[in-house]
Amino acid sequence: MKQEINPNETSRAQAFELWMKSPMPMVTLTKTFDVTHIYKTSKRKGVKFNALLCWCIAKAASTMDEFYLLPEQGRLFKYDRLAINVIVNNIDGGINSCDIPYTGDFNQFCNDYAAMTQTASRTSQSTFLDDAMVIGTSAMVQTELDSIVNQYTDLFCNPMLMWGKYRKGLFKTTLPISFQFHHVQMDGGHAAHFLEELQRIIYLNGEFFHFARQ
Numbered sequence: 457m458k459q460e461i462n463p464n465e466t467s468r469a470q471a472f473e474l475w476m477k478s479p480m481p482m483v484t485l486t487k488t489f490d491v492t493h494i495y496k497t498s499k500r501k502g503v504k505f506n507a508l509l510c511w512c513i514a515k516a517a518s519t520m521d522e523f524y525l526l527p528e529q530g531r532l533f534k535y536d537r538l539a540i541n542v543i544v545n546n547i548d549g550g551i552n553s554c555d556i557p558y559t560g561d562f563n564q565f566c567n568d569y570a571a572m573t574q575t576a577s578r579t580s581q582s583t584f585l586d587d588a589m590v591i592g593t594s595a596m597v598q599t600e601l602d603s604i605v606n607q608y609t610d611l612f613c614n615p616m617l618m619w620g621k622y623r624k625g626l627f628k629t630t631l632p633i634s635f636q637f638h639h640v641q642m643d644g645g646h647a648a649h650f651l652e653e654l655q656r657i658i659y660l661n662g663e664f665f666h667f668a669r670q
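Here the sequence shown stands for residues 457 to 670, where the numbers follow the numbering used here.
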């Protein structure tokens with residue numbers, strides 16, 4: 457569910473006043489993650505690495521109230537659920553967008569991820585969840601990237617995480633991830649906490665990924 461709320465009745469009142477009319481309110485942080493655990497889980501279980509990472513992202517976001525708020529067109533909205541957006545290459549040579557609902561049940565998320573991305577690729581049709589706070593993602597795995605800074609448009613104020621190809625070393629696999637967010641939604645300290653929580657959840661993947669081979 458999506459509902460408009462009064463910014464003055466939230467912890468983001470001052471940020472709303474300062475940044476809602478800013479011509480460039482987006483902030484980007486980049487952190488290099490140790491993704492060894494989910495890389496090994498992906499290979500061992502036969503599950504896509506990006507599906508594992510997307511679930512970890514949503515799991516980390518679900519622990520923070522700020523991710524359930526989103527500024528849009530001069531107003532502030534509150535959501536009661538999250539979704540992850542992924543970009544899919546389609547059979548026509550273009551791309552489509554899939555909003556995948558987040559659930560703490562990784563089996564269900566993995567099934568939804570596989571079904572929705574395969575359908576988008578086959579039909580060249582996008583799917584959107586207007587009643588969920590959508591966290592955007594973009595994976596450019598053709599090359600290793602140090603950082604990505606996305607375009608800013610007031611048509612899309614959602615947080616977004618972007619990455620390239622992971623870097624496999626002898627003992628550790630790493631991946632730089634860029635996190636872009638609207639300053640009304642959260643401050644830098646919140647964003648830093650989210651990135652730390654994401655790394656913790658990636659480390660603890662064994663606690664969560666008890667599922668059968670898909």
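Cβ atoms here follow ideal geometry from the backbone N, Cα and C, with glycine treated the same way.
All values derive from a computational prediction rather than experimental measurement.
Taking all protein chains shown into account, decide if residue i is buried (16 or more other Cβ within 10 angstroms of its Cβ) or exposed.
{"i": "residue 561", "result": "exposed"}
{"i": "residue 584", "result": "exposed"}
{"i": "residue 599", "result": "exposed"}
{"i": "residue 645", "result": "exposed"}
{"i": "residue 549", "result": "exposed"}
{"i": "residue 564", "result": "exposed"}
{"i": "residue 589", "result": "buried"}
{"i": "residue 477", "result": "exposed"}
{"i": "residue 578", "result": "exposed"}
{"i": "residue 494", "result": "buried"}
{"i": "residue 530", "result": "exposed"}
{"i": "residue 620", "result": "buried"}
{"i": "residue 660", "result": "exposed"}
Is the beta carbon of residue i less than 9 angstroms from the beta carbon of residue j?
{"i": "residue 532", "j": "residue 466", "result": "yes"}
{"i": "residue 489", "j": "residue 615", "result": "no"}
{"i": "residue 591", "j": "residue 514", "result": "yes"}
{"i": "residue 475", "j": "residue 649", "result": "no"}
{"i": "residue 543", "j": "residue 555", "result": "no"}
{"i": "residue 652", "j": "residue 519", "result": "no"}
{"i": "residue 487", "j": "residue 655", "result": "yes"}
My output table needs one value for residue i: the three-state DSSP class, helix, strand or coil.
{"i": "residue 519", "result": "coil"}
{"i": "residue 531", "result": "strand"}
{"i": "residue 460", "result": "strand"}
{"i": "residue 489", "result": "strand"}
{"i": "residue 541", "result": "strand"}
{"i": "residue 572", "result": "helix"}
{"i": "residue 626", "result": "coil"}
{"i": "residue 546", "result": "coil"}
{"i": "residue 484", "result": "strand"}
Considering just the uninterrupted stretch of the alpha helix (DSSP H) at residue i, what are its terminal residues?
{"i": "residue 637", "result": "From DSSP, residue 637 is part of no alpha helix (DSSP H) but of the beta strand (DSSP E) over 629-638."}
{"i": "residue 492", "result": "492-501"}
{"i": "residue 654", "result": "644-659"}
{"i": "residue 474", "result": "469-475"}
Where does the unbroken beta strand (DSSP E) through residue i begin, and where does it stop?
{"i": "residue 553", "result": "551-557"}
{"i": "residue 595", "result": "589-595"}
{"i": "residue 609", "result": "Taken as a continuous stretch (DSSP letters only), residue 609 belongs to no beta strand (DSSP E), as it is neither H nor E."}
{"i": "residue 617", "result": "616-619"}
Is residue i near the ligand MG - that is, is its Cβ less than 8 angstroms away from at least one heavy atom of it?
{"i": "residue 537", "result": "In the structure on display, the ligand MG does not appear, and there are no ligands present to speak of."}
* Inter-stretch contact at 8 angstroms, needing at least 3 Cβ pairs: the stretch 517-524 / the stretch 568-579 -> no
* Asked: At a cut of 8 angstroms, does the stretch 494-512 reach the stretch 479-486 through at least three beta carbon pairs?
  -> no
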